[in-house]
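Chemist: Protein chains in written order, with this note's numbering: chain A, 2 to 246; chain B, 11 to 236; chain C, -3 to 206.
Yeah, the Cβ is synthetic: ideal placement off N, Cα and C, and Gly gets one too.
Predicted model, so just to flag it, every value in this text is computed and none were measured.
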Amino acid sequence: MWVWFHKFGSPRYFYDFAGRCIPWLGAACALLMAVGLYLGLFVAPPDYQQGESYRIIFIHVPSAWMSMFVYVVMASSGAVVLIWRVKLAEIIASVSAPLGASFTFLALATGSLWGKPMWGTWWVWDARLTSELILLFLYFGFMALEAAIEDKRTAARATAILSLVGVINIPIIHYSVYWWNTLHQGATVTKMDTPSIHLSMLVPLLLMAVAFQLYYATVLLIGTRTELLSRERRTRWVAEVIRNS
Amino acid sequence: MEPSTLTALWALMRRDLTLAYRHRSELLNPLLFFVIVVSLFPLGISPEAKTLQTVAPGVVWVAALLANLLSLDLMFRTDFEDGTLERFLLSPHPLPLLVLAKTAAHWIVVALPMIVFAPVLGQLMFLRPDAYWALLATLILGTPVLSLIGGIGMGLTVGLRRGGVLLSLLILPLYVPVLIFGATAVDAAGAGLDVSGHLSFLGALLLLAITLAPLATSAALRVSLS
Amino acid sequence: MSNPSPDPVLEAEDLECIRGDRVLFRSLSFRVEAGTILLVEGPNGSGKTSLLRMACGLSQPSTGAIRWRGENLRRGADRFYSELSYVGHSPGIKADLTPIENLRFDQSLAGGRADLCDILNRMGLGRFMDTPCRFLSAGQRRRVALARLQACPATVWILDEPFTAIDHEGVADLTRVMAEHARSGGLLLLTTHQAVDFDSCEVQTLRLGQ
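Next comes the structure, spelled out in structure tokens:
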């Protein structure tokens, strides 16, 4: 098991392995997204309360799930960086941050679009949106700290600590914000809760969720390969790769 | 013979308090900032008692939070610049405990004056009479958490040249739970409701922060000074 | 994995230091035993300070290990620190405290029961014992920092440019103190640009930047 872990963490092996995976992951992602969107936008019936506008959940909910998932991946990579100093984990955390921030932003944007037809404003301090907003700040903090430190390996260790502190705080922040929201429920009636899930809605939702996962995996591998070439540019295997391409 | 860790911690706290006292003209700055920020709200919103009374708990809490944030620099910056911070990392005493001692000294110097002065600010904002004790209780429980979490941010940014704004970006999201429970507790107390739940939660946050934050801060300091 | 031996030996194996894109040094090893002085020499920017900071355990080398009494620093740092005194580039004293307050704090942290007034007198700071260090010159502040070496007992002394801003007489005094430390079984690692003579002491030289 350790041998596999060690082999997998070797930059050269990972570069080749990831290179072979990317086309498959990309194709699967495109396929699932096409099917999911078709089912979600055309096949699933309109919601009895919200009509057609609810359909944005097929993007909003998977984005929100991904925004949390990516942060957990970053924190896990961070733990690996601090304990075992694996270079690959440093790169995975670094590449994941803008991706996670994008998912968070997408969740916020789609949440806002969902809200406009319902309560007439582009923003409401609803529990989920507020929670996602704070998560966006956590991502920005990570990226800002990384940018502020010159040495990449030191930056990786500092951001690893930050992401671990963040991952412990996220449940606390989440709970606090939800609780705070229940106190002031009278202000607006939010319909951000997913409507009572019918199977015909659940299937496209799950398909989109998997498609988003594949999207993340694909872009992560592409970004990691590029960053790997950049960080290891003085090694022999990178010189070979460049010569052969 | 090596002194016990307890002796070292006590010596460190005394040293920091002495240093703060030698700069006593600057001691009042966080408190003054606290007062000024609170005073801005009537000017920016409205001097009407009713309006101010509604926002009083949040305003006082946000001001305390910001005053604490701005004074975090005091915790490690001078030690970093004159090379004494390095020596703490090279001490056989556990770094998390040294960090805890420094945080405690920081809290005494920065937060304690604010807590003592908070009721006066409550008066300025027409805080409801039933809310005063809750204001003190939440500040006593919450400001140490702010200092402890702030220490983590300070540990991460102490070696960076323009770490100030970055520190705010890193720390403010983590301050949100304390703010929510602190401010809503004061608000609820003013309305005569029971706030034992809020205070328990703040207490739990405090315990969590005391045990975990110094560990994170130590790790951060070792990274910053490597 | 070597067994922790009781001998006071500081050894480094196969150290590598990379700063940004430059490799400062590679495959560097040394071994300092009791009574030995290791002099690290080299031009500016050759990695002398980085090497000393690695020897202290402040920075981690990208490869290689440092061992104290046979135990890797990554694991046995506490035991090393209880026997280490480090004086780096910055003097490491508080400008708002007086020399005697600084030393008293050092003793509360690192131990030692030596008479502080006596030490300060011998370092030529007798008249300034109660003056806050911010009013002392750079050389005087460095003397306060170096006074710590005598105030707090330690087996290993790691000193980065200890003679900066010290005058000739001071250099001679300090050299004598260091030689005395080595003779009584201590270890020394230091960097310096000056030519120093540690009479009748075992001195190794390590040249960086080749």
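(1) Quick one: residues in its chain with C-beta nearer than 7 Å to the C-beta of residue 190 of chain A, no 5 flanking neighbours on either side, listed in chain order?
(2) Quick one: Cα of residue 137 of chain C to Cα of residue 235 of chain A, how far?
(3) Around the Cβ of residue 205 of chain C, are there at least 16 other Cβ atoms within 10 angstroms (buried) or fewer (exposed)?
(4) Compute the Euclidean distance between the alpha carbons of residue 114 of chain A and residue 20 of chain C, then round it to the nearest angstrom.
(5) Are the beta-carbon atoms belonging to residue 68 of chain A and residue 105 of chain A less than 8 Å from one another?
(6) Return the CA-CA distance between residue 120 of chain A and residue 150 of chain B, expressed in angstroms with no decimal places.
(7) How is the beta strand (DSSP E) around residue 11 of chain C delimited, first residue to last?
(8) Tell me the DSSP secondary structure of residue 156 of chain A in three-state form.
(9) Could you tell me whether the Cβ atoms of residue 229 of chain A and residue 100 of chain A are closer together than 8 Å?
(10) So, is the C-beta of residue 109 of chain B closer than 8 Å to a C-beta in chain A?
(11) Using a Cβ cut-off of 9 Å, which residues of the segment 96 to 107 of chain B contact any Cβ in chain C, in chain order?
(12) Helix or strand or just coil, what does DSSP make of residue 21 of chain C?
(13) If you measure from the beta carbon of residue 141 of chain A to each beta carbon in chain B, is any gap under 8 Å?
(14) For residue 186 of chain B, go through chain A and note every residue whose CB falls closer than 8 Å to its CB, in chain order.
(15) So, residue 175 of chain C versus residue 194 of chain C, is the Cβ gap smaller than 8 Å?
(16) Indicate the three-state DSSP secondary structure (helix, strand or coil) for residue 61 of chain C in the structure shown.
(17) Would you mind stating whether residue 75 of chain A and residue 103 of chain A have Cβ atoms separated by less than 8 Å?
(18) Can you look up residue 48 of chain A in the DSSP assignment and give me helix, strand or coil?
(19) Which runs of the beta strand (DSSP E), 3 residues or longer, sit entirely within the segment 44 to 101 of chain A?
(20) Who are the near neighbours of residue 26 of chain A in its chain, counting only those whose CB is closer than 6 Å to its CB and skipping five residues on each side?
(21) Measure the alpha-carbon distance for residue 52 of chain A versus residue 31 of chain A and round it to whole angstroms.
(22) Less than 8 Å between the C-beta atoms of residue 118 of chain B and residue 27 of chain B, yes or no?
(23) What residue ranges within the segment 101 to 175 of chain A form continuous alpha helix (DSSP H) runs of no fewer than 4 residues, ordered along the chain?
(24) Span of the alpha helix (DSSP H) holding residue 32 of chain C?
(25) Taking 8 Å as the CB-CB cut-off, is residue 159 of chain A touching chain B?
(26) Give the DSSP-derived three-state secondary structure of residue 170 of chain B in the structure shown.
(27) Who are the Cβ neighbours of residue 33 of chain A in its own chain at under 6 Å, not counting the five residues just before and after it?
(28) If you scan the segment 95 to 168 of chain B from start to end, which runs of the alpha helix (DSSP H) of 4 or more residues do you find wholly inside it?
(29) Quick check: is the beta carbon of residue 126 of chain C nearer than 8 Å to any beta carbon in chain B?
(30) Here's the rule: buried if 16 or more other CB atoms are within 10 angstroms of the residue's CB, otherwise exposed. What is residue 170 of chain C?
(31) Closer than 7 Å, Cβ to any Cβ of chain F: which residues of the segment 84 to 95 of chain B, in chain order?
(32) Check the Cβ-Cβ distances between residue 6 of chain C and every residue of chain B, and say whether any is below 8 Å.
(33) Please report the residue range of the alpha helix (DSSP H) in which residue 154 of chain C lies.
(34) Any beta carbon of chain B sitting closer than 8 Å to that of residue 138 of chain A?
(35) I'd like to know whether the C-beta atoms of residue 165 of chain B and residue 181 of chain B end up nearer to each other than 8 Å.
(36) Given that residue 136 of chain C touches chain B, what residues does it touch there, using C-beta distances under 7 Å?
Modeler: Based on what the coordinates show:
(1) Caution is warranted here: a pLDDT of 43 is assigned to residue 190 of chain A, below 50, making its placement in the model unreliable, and no coordinate value can be reported.
(2) Each residue's Cα considered, the two are about 44 Å apart.
(3) It counts as exposed.
(4) If you take the alpha carbons of residue 114 of chain A and residue 20 of chain C, they lie about 55 Å apart.
(5) Taking the C-beta atoms as reference points, residue 105 of chain A is found nearer than 8 Å to residue 68 of chain A.
(6) About 40 Å.
(7) Counting along the chain, residue 11 of chain C sits inside the beta strand (DSSP E) bounded by residues 6 to 15.
(8) Reduced to three states, the DSSP call for residue 156 of chain A is helix.
(9) Contact flag unset, no.
(10) It does not; no Cβ of chain A falls within 8 Å.
(11) Within the segment 96 to 107 of chain B, the qualifying residues are 96, 97, 98, 99, 100, 101, 102, 103, 104.
(12) In the structure shown, residue 21 of chain C sits in a strand (DSSP, three-state: E or B).
(13) So yes, residue 141 of chain A belongs to the interface.
(14) Within 8 Å Cβ-Cβ: 135, 174, 177, 178.
(15) Taking 8 Å as the Cβ cut-off, residue 175 of chain C and residue 194 of chain C qualify as a contacting pair.
(16) Strand.
(17) Contact flag unset, no.
(18) Reduced to three states, the DSSP call for residue 48 of chain A is strand.
(19) Runs found: none.
(20) Cβ-Cβ distances below 6 Å link residue 26 of chain A to 215, 218, 219 in the same chain, with the five nearest sequence neighbours on each side left out; the list follows chain order.
(21) Roughly 27 Å separates the two Cα atoms.
(22) Contact flag set, yes.
(23) As far as the segment 101 to 175 of chain A is concerned, its whole alpha helix (DSSP H) runs of at least 4 residues are 128 to 149.
(24) From DSSP, residue 32 of chain C is part of no alpha helix (DSSP H) but of the beta strand (DSSP E) over 32 to 37.
(25) In terms of beta-carbon proximity, residue 159 of chain A lines the interface with chain B, with at least one pair separated by less than 8 Å.
(26) Note: residue 170 of chain B maps to coil in three-state DSSP.
(27) Closer than 6 Å at Cβ, skipping near neighbours: 208, 211, 212.
(28) Listed in chain order, the complete alpha helix (DSSP H) runs (minimum 4 residues) inside the segment 95 to 168 of chain B are 105 to 134, 142 to 167.
(29) Taking 8 Å as the CB threshold, residue 126 of chain C stays off the interface with chain B.
(30) Buried is the call here.
(31) Given the protein chain composition of this structure (A, B and C), no chain F is represented.
(32) Chain B, which has no Cβ nearer than 8 Å to the Cβ of residue 6 of chain C, makes this no.
(33) From DSSP, residue 154 of chain C is part of no alpha helix (DSSP H) but of the beta strand (DSSP E) over 152 to 156.
(34) At a cut-off of 8 Å between C-beta atoms, residue 138 of chain A counts as an interface residue with respect to chain B.
(35) Going by C-beta atoms, residue 165 of chain B is not nearer than 8 Å to residue 181 of chain B.
(36) Within 7 Å Cβ-Cβ: nothing; residue 136 of chain C doesn't reach chain B, min ~15 Å.
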